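So the structure is just underneath, and the comments pick up after that.
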Amino acid sequence: MYVIFLGAPGAGKGTQAAVVAKEMKLEHVASGDLFRQALDKGTELGKLAKSYMEKGQLVPDEITIRMVLDKISTLGKQTGIILDGFPRTLAQAEALDKALVKQEKAIDKVAYIKVGEKELLKRLSGRWICRNCQAPYHIIDSPPKVKGKCDACGGELYQRADDTVETAKKRLEVYFAQTAPLIDYYKKAGKLLEINGEGKIDEISSRIVTALKAGHS
Ligand code: AP5
Ligand code: MG
Ligand code: ZN
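Just so we're aligned, residue 3 is where the sequence shown starts under this note's numbering, counting upward by one.
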């Protein structure tokens, strides 16, 4: 199964992808996590991505498409995948479709996680993530058991440089202009599952798993 998690910054794509991947035995591939890992390692890709990420802008399509398709090609043909944060432009969606056709595959479903704008900003400004495994926490809504430490791996928690109110607002603008058109793209393809992304984390996970298993929302 190939699934896309689509939604605004802060919608809970990363939070939900971690839970659903485990439950449905899928691989979680997150473009933002791949960029942040490259950034931490100080690679050329990381340096290049940094200049866009810190401004809340998208990294150019060509670079992003190559990075994600390379990652997919390292996974076994039988491996099911949750794509989180990719595709984010029409050009990326088309490139993905094309690449999958070549492997006689296709995207099965797109879980579109819907959250209101006020809640998005609240979530982003309170987020802390693990430097080691990228697991997201929230200072109020889902704090770690031990302050500053990841529950899953004990890694150090930090705040993303692009989680300031100003950059988060810019990322939302970019989302509405460049990514929101994908909602229609996948609706027309008959693949869109609309998920209410507000409420408790585990309730939302059940909504997603139920919708994916049933094939409709
Ligand atoms: P990326 O890392 O993908 O960031 P994003 O899309 O902006 O999304 P977020 O990670 O901010 O939100 P999320 O939906 O994963 O929410 P989360 O689960 O963490 O991209 C970063 C940058 O990389 C981009 O700006 C761009 O520069 C570049 N990039 C990446 N992909 C690209 C692409 N394809 N093309 C071009 N450039 C690309 O949750 C948020 C917070 O809310 C957490 O604190 C969490 O604990 C909390 N929370 C989650 N669920 C709930 C709930 N139900 N109730 C209360 N709190 C909750
Ligand atoms: Mg994320
Ligand atoms: Zn961790």
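C-beta: ideal position from N, C-alpha, C; glycine also. Since we're looking at a predicted model, the values are computed, not measured.
Inset, instruction - Determine the direct distance from the alpha carbon of Val176 to that of Glu96, and round the result to whole angstroms. - result: Spanning the alpha carbons of Glu96 and Val176 requires a straight line of approximately 19 Å.
Inset, instruction - Grab the span of the alpha helix (DSSP H) containing Lys111 for me, first residue to last. - result: For Lys111, there is no enclosing alpha helix (DSSP H); the enclosing beta strand (DSSP E) covers residues 111-116.
Inset, instruction - Keeping to the same chain, check which residues put their C-beta closer than 6 Å to that of Leu41; ignore five residues upstream and five downstream. - result: Contacts found: Gly48, Lys52.
Inset, instruction - Note down, in chain order, each residue of its chain lying with its Cβ closer than 6 Å to the Cβ of Tyr160, except the 5 sequence neighbours on either side. - result: Beyond the five residues adjoining it in sequence on each side, Tyr160 comes within less than 6 Å, by CB distance, of Arg133 in the same chain, given in chain order.
Inset, instruction - Can you give me the Cβ contacts of Trp130 inside the same chain, cut-off strictly under 7 Å, excluding the 5 residues immediately before and after it? - result: Cβ within range, chain order: Tyr139, Ile141, Leu159, Tyr160, Gln161.
Inset, instruction - Could you tell me which residues DSSP puts in a beta bridge with Ala32? - result: Answer by DSSP bridge pairing, in chain order: Asp86.
Inset, instruction - Flag this pair as touching only if the segment 13-21 and the segment 73-81 have three or more C-beta atom pairs under 8 Å; answer yes or no. - result: Put simply, the segment 13-21 does not touch the segment 73-81. Fewer than three CB pairs are less than 8 Å apart.
Legend entry - Assigned exposure category for Gln136 - 16 Cβ within 10 Å defines buried: Around the beta carbon of Gln136, 16 or more other beta carbons sit within 10 angstroms, so the residue counts as buried.
Inset, instruction - With hydrogens ignored, establish whether the beta-carbon of Gly87 is closer than 7 Å to any heavy atom of the ligand MG. - result: Yes - the ligand MG has a heavy atom lying nearer than 7 Å to the Cβ of Gly87.
Inset, instruction - Verify the contact flag: Ala154, CB atom, against every heavy atom of the ligand ZN, threshold strictly below 7 Å. - result: For the ligand ZN, at least one heavy atom lies less than 7 Å from the Cβ of Ala154.
Inset, instruction - Starting from the N-terminal side, write out each stretch of the beta strand (DSSP E) that is 3 residues or longer and does not extend beyond the segment 137-207. - result: Those beta strand (DSSP E) runs which fall completely within the segment 137-207 and span 3+ residues are 138-140, 194-198.
Legend entry - Span of the alpha helix (DSSP H) around Leu123: Its alpha helix (DSSP H) spans residues 119-127.
Legend entry - Other residues of its chain near Glu25: CB distance less than 7 Å, five sequence neighbours each side excluded: Within the same chain, Glu25 has close Cβ partners Val211.
Legend entry - Beta carbon of Thr181 nearer than 8 Å to that of Gly58: Cβ distance not < 8 Å, so Thr181 and Gly58 don't count as in contact.
Legend entry - 8 Å contact criterion, which Gly199 and Ala13 should meet: CB distance rounded: With 8 Å as the limit, Gly199 and Ala13 qualify as a contact, their Cβ atoms being about 5 Å apart.
Legend entry - Cβ-based neighbour list, Arg90, same chain, cut-off 7 Å, excluding 5 preceding and 5 following: Cβ-Cβ distances below 7 Å link Arg90 to Leu60, Gln180, Thr181 in the same chain, with the five nearest sequence neighbours on each side left out; the list follows chain order.
Inset, instruction - On a CA-only basis, which of Ala213, Phe178, Asp204 is nearest Leu194? Give me that one, please. - result: Ranking Ala213, Phe178, Asp204 by Cα distance to Leu194 puts Ala213 first.
Legend entry - Burial state of Phe7 (16 or more Cβ within 10 Å): Flag for Phe7 reads buried.
Inset, instruction - Count the other CB atoms, across all protein chains shown, that sit within 10 Å of the CB of Phe178; report buried if there are 16 or more and exposed otherwise. - result: Exposed, since its Cβ has fewer than 16 Cβ neighbours within 10 Å.
Inset, instruction - Kindly examine the ligand AP5 and report whether one of its heavy atoms sits closer than 7 Å to the Cβ of Gly12. - result: Checking the Cβ of Gly12 against the ligand AP5 gives yes.
Inset, instruction - State the start and end residues of the unbroken alpha helix (DSSP H) segment that holds Leu102. - result: 92-104 is the extent of the alpha helix (DSSP H) around Leu102.
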